[in-house]
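Residue numbers (numbering that gives the first Met the number 0): 0 to 76.
Each residue gets a CB set at the ideal place from its N, CA and C atoms; glycine is no exception.
Since the model is a prediction, treat every value here as computed from it, not as a measurement.
Here's the structure, in structure tokens; my notes come after.
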Amino acid sequence: MPVRMVDHKSYLFCDMFIIMAKKFACGDVVSGCGWSTTANDENELFQKISEHAKNDHNMTSIPNDIIQKVKSKIQEA
Ligand SMILES: [Zn+2]
């Protein structure tokens, strides 16, 4: 069934796009910060954000309300 195969491929292609890049600009949460990052998924993104928060904002742990704010600002890259 060639038509089905094409459908399946384009579905996978779309799926890859959805899973692909996420981006986050720190300035959306911390005003004045020019740092931004992209990652392949939310976990990777959060790793990068927590590194940045630790190094540049002296946050050894990120409070839950900040995490919620960050989550609401994450965009598809
Ligand atoms: Zn920042």
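Same chain only: Cβ atoms within 8 Å of residue i, ignoring 5 sequence neighbours per side
i: C32; result: C25, G26, D55 and H56
N-terminal and C-terminal residue of the beta strand (DSSP E) that residue i is part of
i: A76; result: Unbroken run through A76: none, as it is neither H nor E.
Contacts around residue i, its chain only, beta-carbon distance under 6 Å, and the 5 residues preceding and following it disregarded
i: P62; result: none
i: Q74; result: K22
i: S35; result: A24
Residue i: first and last residue of the uninterrupted alpha helix (DSSP H) it sits in
i: A24; result: Element bounds for A24: not the alpha helix (DSSP H) but the beta strand (DSSP E), K21 to A24.
Where residue i falls, given that 16 or more other Cβ within 10 Å makes a residue buried
i: A52; result: buried
i: N39; result: exposed
Bridge partner(s) assigned by DSSP for residue i
i: T59; result: Per DSSP, none; premise fails for T59.
i: S35; result: A24
7 Å Cβ shell around residue i - same chain, five flanking residues per side excluded
i: S49; result: I61
i: M58; result: A52
CB contact below 8 Å: residue i versus chain C
i: D55; result: Any reference to chain C falls outside this structure, which holds one protein chain only.
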